[in-house]
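Sequence lines, in order, name chains A and B.
Per UniProt numbering, the very first residue in the first sequence carries number 1; after that it's consecutive.
Per UniProt numbering, the very first residue in the second sequence carries number 1; after that it's consecutive.
Backbone N, C-alpha and C fix where the C-beta goes; we use that ideal spot for every residue, glycine too.
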Amino acid sequence: MSNSDYLNYDLQTLHQLLVDKKVTAVALTEAALAKINAEQPALNAFITINQKKALARAAELDAEGIDPDDLLAGIPIAYKDNIVTNGIRTTAASHILDNFNPVYDATVVEKLDAAGTINLGKTNMDEFAMGSSTETSHFGVTHNPWDLERVPGGSSGGSAAAVAAGEVFAALGSDTGGSIRQPAAYNGIFGIKPTYGRVSRWGLIAFGSSFDQIGVFTRRAQDAAVLLGAISGHDAKDSTSSEQAVPDFTAAIGQGIKGLKIAVPDEFFGEGIAEDVKAQVEKGLQQLADQGAIIDHVQLPHTKYAVPAYYVLASSEASSNLQRFDGIRYGFRAADVKNLDDVYVRSRSEGFGPEVKRRIMLGTFALSSGYYDAYFNKAAAVRTLIKQDFEKILATHDLIIGPTAPDTAFKIGVNDDDPITLYMKDILTISANMAGVPAASVPAGFNAEGLPVGMQMIAKRFDESTIFRAAAAFEELNHYNLETPTFKNGGNA
Amino acid sequence: MISKDQVAHVAKLARLSFSEAELEQFTHQLDQIIAMENELAEVPTDGVTPTTQVSDERNVFRADVPVTGGPTRDQLLQNVPESKDGLIKVPTIIDKGEADA
Chain A
1 MSNSDYLNYD LQTLHQLLVD KKVTAVALTE AALAKINAEQ PALNAFITIN QKKALARAAE
61 LDAEGIDPDD LLAGIPIAYK DNIVTNGIRT TAASHILDNF NPVYDATVVE KLDAAGTINL
121 GKTNMDEFAM GSSTETSHFG VTHNPWDLER VPGGSSGGSA AAVAAGEVFA ALGSDTGGSI
181 RQPAAYNGIF GIKPTYGRVS RWGLIAFGSS FDQIGVFTRR AQDAAVLLGA ISGHDAKDST
241 SSEQAVPDFT AAIGQGIKGL KIAVPDEFFG EGIAEDVKAQ VEKGLQQLAD QGAIIDHVQL
301 PHTKYAVPAY YVLASSEASS NLQRFDGIRY GFRAADVKNL DDVYVRSRSE GFGPEVKRRI
361 MLGTFALSSG YYDAYFNKAA AVRTLIKQDF EKILATHDLI IGPTAPDTAF KIGVNDDDPI
421 TLYMKDILTI SANMAGVPAA SVPAGFNAEG LPVGMQMIAK RFDESTIFRA AAAFEELNHY
481 NLETPTFKNG GNA
Chain B
1 MISKDQVAHV AKLARLSFSE AELEQFTHQL DQIIAMENEL AEVPTDGVTP TTQVSDERNV
61 FRADVPVTGG PTRDQLLQNV PESKDGLIKV PTIIDKGEAD A
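#1: Output needed in chain order: residues of the region 353-366 of chain A with a Cβ under 9 Å from some Cβ in chain B.
#2: Could you please give the first and the last residue of the uninterrupted alpha helix (DSSP H) stretch that includes residue 318(A)?
#3: Rounded to the nearest angstrom, what separates residue 513(A) and residue 295(A) at their Cα positions?
#4: Drop a sphere of 10 angstroms on the beta-carbon of residue 194(A), count the other beta-carbons inside from all chains shown, and report buried for 16 or more, exposed for fewer.
#5: Need the endpoints of the alpha helix (DSSP H) that residue 119(A) sits in, please.
#6: Taking only beta-carbon atoms, is residue 427(A) less than 8 Å away from chain B?
#7: Drop a sphere of 10 angstroms on the beta-carbon of residue 70(B), count the other beta-carbons inside from all chains shown, and report buried for 16 or more, exposed for fewer.
#8: Should residue 297(A) go down as buried or exposed, given a rule of 16 or more other Cβ atoms within 10 Å for buried?
#9: For residue 315(A), which residues in the same chain have their Cβ closer than 6 Å to its Cβ, ignoring the five residues on either side in sequence?
#10: If you check the beta carbons only, do residue 277(A) and residue 199(A) fall under 8 Å apart?
#11: Rounded to whole angstroms, what is the Cα-Cα separation between residue 15(B) and residue 481(A)?
#12: At which residue ranges does the region 354-415 of chain A contain complete alpha helix (DSSP H) runs of 4 or more residues, listed in the order of the chain?
#13: Would residue 43(B) count as contacting chain A if we go by Cβ distances under 8 Å?
#14: Using the three-state DSSP reduction, which class does residue 82(B) fall into: helix, strand or coil?
#15: So which residues of chain B does residue 435(A) contact, with C-beta pairs closer than 8 Å?
#16: Taking a contact to mean a Cβ-Cβ separation below 8 Å, would you say residue 60(A) touches residue 165(A) in this structure?
#17: Alpha carbon to alpha carbon, how far is residue 33(B) from residue 16(A)?
#18: Can you name the residues of chain B whose CB is closer than 8 Å to the CB of residue 311(A)?
#19: Residues of chain A with CB closer than 7 Å to the CB of residue 80(B), please, in chain order.
#20: Whose Cβ in chain B lies nearer than 8 Å to the Cβ of residue 242(A)?
#21: Going by beta-carbon coordinates alone, are residue 497(A) and residue 138(A) separated by less than 8 Å?
#22: Residues in its own chain within less than 7 Å of residue 212(A) by CB, not counting five upstream and five downstream?
#23: Give a yes or no on whether the C-beta atoms belonging to residue 102(A) and residue 90(A) are separated by under 8 Å.
#24: Are the CB atoms of residue 231(A) and residue 112(A) within a distance shorter than 8 Å?
#25: So, with DSSP's three-state summary, where would you put residue 181(A)?
#26: Counting only Cβ-Cβ distances shorter than 7 Å, please list the residues of the region 379-409 of chain A near chain B, keeping chain order.
#27: Tell me, which residues are paired with residue 555(A) by DSSP?
#28: Rounded C-beta distance between residue 379(A) and residue 40(B)? I'm assuming under 8 Å.
#29: Is it buried or exposed, residue 94(B), if we count other Cβ atoms within 10 angstroms and call 16 or more buried?
#30: Where DSSP assigns a beta bridge to residue 48(A), which residues make up the other side?
#31: Rounded to the nearest angstrom, what separates residue 77(B) and residue 88(B) at their Cα positions?
#32: Return no unless some Cβ of chain B is closer than 8 Å to the Cβ of residue 8(A).
#33: Considering only residues of the same chain and omitting the five flanking positions on each side of residue 468(A), which have a CB-CB separation below 6 Å?
#34: For chain B, find out if any of its Cβ atoms is closer than 8 Å to the Cβ of residue 37(A); answer yes or no.
#35: Round the Cβ separation of residue 320(A) and residue 55(B) to the nearest angstrom and send it over; I've been treating them as touching at under 8 Å.
#36: Tell me, please, which residues DSSP counts as bridged to residue 79(A).
What follows is the structure in structure tokens.
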């Protein structure tokens, strides 16, 4: 096999090669960098490539030797560009932060650095994680490696494309309303949003603080379980992080599917869900049933209201969180300003892109005097009902399973002037954020055009282990996850 | 229907400014989005407690002592657009009134 295939290996194999010095961390980093640089013109998965520091860190690790107990040492990864990295530019894909150089690391970065992973760079995303296609990035769209004329999904589109293309072994993303799971589905890889509170949000540039969670993209569920274990746990710097003990997320892998009680919501197969997506997910569910899973059809009656409730609540939180971007302490400051108010207004108006402004406007409206009860409070009450729907079903079932997204990757540009059509893409993923429960997307095959379809697995709070167990077992049935992207419509790239 | 004046008012609250053409477009798009939001009115929520967070419900306390080991003043000033003598520089805050505004 050529060097460029290393990043598609499973973690244990790659680790063993490093321990046995059959491949060095430097060689692995060079292979990753060569692939990233070669594919950057076609994919644009990265905003910043961390070439020098990555190579230096790899050389350090080689000098120390890779310890057999340090499973993640020497492994090349990437971070979504809303996760702050000390001394490495962090932009949230926004003009307003395009010169921002953080002076500290996010907790997840500290933890993975300590585990010995190598940071290859910062991945592209929708501006401030607001979008479902990576098209709102100030740094241009990321292209889907399965078909370069299509979006990679979003908002963590760069992370998903980089892992799918084998540019890095794994990447972190963030998920506020589906921003890990939908791009994982569109790219044919595994992506998990853990339970709200499982992973510290310290150093994650805030969007909707009661929804945001950091999670992991990998080719294999088992490897994501290792990475999630490494970044989970209580952090004094994030008082919403949970004190729940972090289990070995890989422990239940290998126990198979038999006896798992799976709820399949009718609403996840209703109007607006593409037929080819339904067909692939139904095929997968039949396979799970054949393996001994107990499948029940259930209702989540408030699903229809998830999108409107989410857009009020997340946008309200965003309008508050994004007040800090005012051109004073960091980020872009507009030129030729006459007074302080001008600094605020002009820096924000020139610094934010249209989608971010739309959400700030919606949120400000929903929180404004006279509208607060009708919009914010109403949406927060609907959130309670959505959460209760989930709690009721999950009290008697191990997993809720359905499609991750209503469709497969769409063409770049087709939804440009239609925010609502784009917002509806999140209908199947938003509810897990509303309820704070863990959810993942697992590759479930391809449609007739060769585009990946994702199957979503949602579990009880703090029961990520059951997701890893079921996802790993499902992977074994088809190995869809081992298919690598075709770079369709790539010319001679 | 949301009006252009309402949108202009919200923009002011949000410290954003729009050109006339942008204001037209935002009014149109926000109107569509708010029409979608109005579907929420269909849901009966009398007596339902709003959910604003989904973490473990507890207060987090710490001793009232200085936290050390944070970034230094120099580090914090690294990203400041304009600074002077270790302070952040901003334009005039109080307009002396020479201009009509």
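The relevant details are as follows:
#1: 354, 357, 358, 360, 361, 362, 363, 364, 365, 366
#2: Looking at the DSSP string, the run of the alpha helix (DSSP H) that includes residue 318(A) is 306-321.
#3: Outside the displayed range of chain A (1 to 493) lies residue 513(A), so it cannot be described from this structure.
#4: buried
#5: Per DSSP, residue 119(A) belongs to no alpha helix (DSSP H); it is in the beta strand (DSSP E), 118-123.
#6: Taking CB atoms only, residue 427(A) has no neighbour in chain B less than 8 Å away.
#7: Around the beta carbon of residue 70(B), fewer than 16 other beta carbons lie within 10 angstroms, which makes this residue exposed.
#8: exposed
#9: 359, 362, 363
#10: no
#11: 46 Å
#12: 354-367, 378-396
#13: yes
#14: coil
#15: 54
#16: no
#17: 53 Å
#18: 33, 36, 37
#19: 329, 330
#20: 55, 56
#21: Not covered by the structure: residue 497(A). The range shown for chain A is 1 to 493.
#22: 174, 176, 201, 204, 206
#23: yes
#24: Contact flag set, yes.
#25: The three-state reading of DSSP puts residue 181(A) in helix, counting H, G and I together.
#26: 379, 380, 381, 382, 383, 384, 385, 387
#27: The structure shown does not extend to residue 555(A), since chain A is modelled only from 1 to 493, so the question has no answer here.
#28: 6 Å
#29: exposed
#30: 122(A)
#31: 8 Å
#32: Not an interface residue.
#33: Cβ neighbours of residue 468(A) beyond the five flanking positions: 221, 225, 249, 253.
#34: no
#35: About 17 Å; that fails the 8 Å criterion.
#36: 122(A), 172(A)
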